[in-house]
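If you use numbering that gives the first Met the number 0, the sequence shown corresponds to residues 0 to 344, in order.
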Amino acid sequence: MVVVLGIESSCDETAAALVAGDRVILAQRIASQDAAHRPYGGVVPEIAARAHVALLAPLIAATLDDAGMRLDQVDAVAATAGPGLIGGVMVGLVTAKALAMASDKPLIAVNHLEGHALSPRLADASLNYPYLLLLASGGHCQLLLVRGVGDYRRLGTTIDDALGEAFDKTAKILGLGYPGGPAVERLAATGDAGAVKLPRPLLGTPEPHFSFAGLKSAVLRAHQAGIHADADIAAAFQQAAIDCVIDRTARALAMVRGEITALVVAGGVAANMALRGALEALAARENLRFTAPPPALCTDNAAMIGWAGVERLALGRTDTLSVAARPRWPLDPDAAPVRGAGVKA
Ligand code: KG4
Ligand code: ZN
0 MVVVLGIESS
10 CDETAAALVA
20 GDRVILAQRI
30 ASQDAAHRPY
40 GGVVPEIAAR
50 AHVALLAPLI
60 AATLDDAGMR
70 LDQVDAVAAT
80 AGPGLIGGVM
90 VGLVTAKALA
100 MASDKPLIAV
110 NHLEGHALSP
120 RLADASLNYP
130 YLLLLASGGH
140 CQLLLVRGVG
150 DYRRLGTTID
160 DALGEAFDKT
170 AKILGLGYPG
180 GPAVERLAAT
190 GDAGAVKLPR
200 PLLGTPEPHF
210 SFAGLKSAVL
220 RAHQAGIHAD
230 ADIAAAFQQA
240 AIDCVIDRTA
250 RALAMVRGEI
260 TALVVAGGVA
270 ANMALRGALE
280 ALAARENLRF
290 TAPPPALCTD
300 NAAMIGWAGV
310 ERLALGRTDT
320 LSVAARPRWP
330 LDPDAAPVRG
340 AGVKA
């Protein structure tokens, strides 16, 4: 049974995991840097990079300890090589290169987005290619046809903000702190979504793209009006965002209906229970199976990087020690540029 060491350092989570070929996570550790970034209301790249330097090596040693393993018992070392905050990516990738070199094991440079995209297969052994994936995180909001490892067709993407970014900005407006997604979800559960009228950008348009900037501005105006309860604004925002996502996902489904085996959601925002419920209902209406990884595998983690490593290793897709870190790295390099898209990392 192969075992891959996964390393993740592309944003503000320092993480390591040991993942076996039979989908067992032998050990995993995540050191969150939330406290270091909270005073700034978002991730400060320089602080993140320095924290990865301090945290990563002892975290890997502890992860090996947890599993009772030594480095020479690992079959490959996989690390996020992009996209993300380049300083942090470099820390993880260079560490992985050193470990691969020292143990004479293959190196696997993983696209962080592929980590998210394949994470549902780590959680669900019966999920087969191809599937339609909604990938919703702090930096991305895309609808992808996942045909296999390294084989993606992007059907839609955001033309401005990512979905997680919209949650984070709403949290900031409502004074809920950072990271905002879980706080908005908690507050929304106590509010009345019908009490505040908010727009649903791009609803009904033919191509399954997303836009959340106008929704965020409407949240700001509703808050500044000073007449709505924060909980109602949070609930209305979440409902508007979900309505957009369901409409756009239904469009994408119509484009690939005959090709896919399942509707799948991944990425940090996939931890949102209201969103999962709405997608599950859509899949049921379409007679499709629905899969979402457990919330801990949705937000950034190293198990998904280790799993992408397992899938790549099985296909012999390893990398050389000269592989570069990439701040931008689209899953579908052939996707046509969309006006306004690609501005965010
Ligand atoms: O995938 P992820 O951990 O990091 C990136 O690669 O971006 O996603 C983080 C994003 C943040 O914007 C966070 O607010 C959002 O996922 N998020 C949520 C929830 N949990 C995390 N958004 C809505 N509801 C949640 N429960
Ligand atoms: Zn992520």
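All C-beta atoms, glycine included, are put in the ideal place defined by N, C-alpha and C.
A quick note: this is a predicted structure, and the numbers were derived from the prediction, not measured.
Reducing DSSP to helix, strand and coil, say where Val90 ends up. DSSP places Val90 within a helical segment (H, G or I) once states are collapsed to three.
Does any CB atom of chain C fall closer than 9 Å to the CB of Ala135? The structure shown contains no chain C, having only a single protein chain.
Judging by CA-CA distance, which residue of Ala270, Ala122, Ile232, Arg288 is the nearest neighbour of Ala137? Correcting the residue type first, residue 137 is Gly in the shown sequence and not Ala. Each of Ala270, Ala122, Ile232, Arg288 was checked against the Cα of Gly137, and the nearest Cα belongs to Ala270.
Element boundaries [beta strand (DSSP E), containing Val18]: Element bounds for Val18: 12–19.
Euclidean distance between Cα positions of Thr317 and Ala97: Looking at the two C-alpha atoms, the distance is approximately 15 Å.
Distance check for Ile226 and Ser118, CA to CA, integer angstroms please. Going by the C-alpha atoms only, they are around 42 Å apart.
Take His111 as the anchor and find which of Val337, Leu296, Pro336 has the nearest alpha-carbon. With distances taken between CA atoms, His111 lies nearest to Leu296 out of Val337, Leu296, Pro336.
Straight-line Cα distance separating Thr13 from Ile304: One alpha carbon belongs to Ile304, the other to Thr13, and they sit about 12 Å apart.
Coarse secondary structure for Ile245, derived from DSSP in three states: Correct three-state label for Ile245: helix.
Pair every Cβ in the region 220–238 with every Cβ in the region 178–191, then say whether three or more of these pairs are closer than 8 Å. Verdict: yes, contact present.
Considering Cα atoms alone, identify which of Ala34, Ser8, Arg185, Asp246 is closest to Leu133. Closest option to Leu133, Cα to Cα, is Asp246.
Residues bridged to Leu371 by DSSP? For residue 371 there is no data in the structure shown, the boundaries of the chain being 0 and 344.
For Leu154, does the three-state DSSP call read helix, strand or coil? Three-state result, Leu154: strand.
Taking the alpha carbon of Thr169 as the point to measure from, which residue in Asp103, Ala233, Ala26, Val263 has its own alpha carbon closest? Cα-wise, what sits closest to Thr169 is Ala233.
Identify the continuous beta strand (DSSP E) that holds Ser31 and give its terminal residues. That run of the beta strand (DSSP E) goes 24–31.
Same chain only: Cβ atoms within 7 Å of Ile85, ignoring 5 sequence neighbours per side: Within the same chain, Ile85 has close Cβ partners Ala324, Pro326.
Quick one: Cα of Pro329 to Cα of Leu142, how far? So the alpha carbons of these two residues sit roughly 13 Å apart.
As assigned by DSSP and simplified to three states, the class of Ile304: In this structure, Ile304 counts as helix in the three-state DSSP scheme.
DSSP three-state assignment for Ala188, whether helix, strand or coil: Coil at Ala188, not helix or strand.
Less than 8 Å between the CB atoms is what I'm expecting for Ala78 and Ala50, so what's the real figure, rounded? About 16 Å; that fails the 8 Å criterion.
Examine the ligand ZN and report whether any of its heavy atoms sits within less than 8 Å of the Cβ of Ser136. Result yes, Cβ under 8 Å from the ligand ZN.
Going by beta carbon distance, what residues of the same chain come within less than 8 Å of Ala48, once the five residues before and after it are set aside? So the list reads Leu84, Gly86, Gly87, Met89, Val90, once near-sequence residues are dropped.
If you pair each beta-carbon of the region 60–68 with each one of the region 19–31, do three or more pairs fall below 8 Å? Result yes; three or more Cβ-Cβ pairs closer than 8 Å.
Kindly indicate which three-state DSSP category Ala48 falls into: helix, strand or coil? The answer is helix: DSSP assigns Ala48 an H, G or I state.
Suppose contacts are defined by Cβ-Cβ distances below 9 Å. Is Leu162 in contact with Val268 by that definition? If you check the CB distance, Leu162 and Val268 come in under 9 Å.
Rank Arg284, Pro292, Lys215, Thr157 by C-alpha distance to the C-alpha of Pro336 and give the top, closest one. Each of Arg284, Pro292, Lys215, Thr157 was checked against the Cα of Pro336, and the nearest Cα belongs to Thr157.
I'd like to confirm the pairing. Which residues does DSSP put opposite Phe209 in its beta bridges? Answer is Thr157.
Pick helix, strand or coil for Ala324, following the three-state DSSP scheme. In this structure, Ala324 counts as coil in the three-state DSSP scheme.
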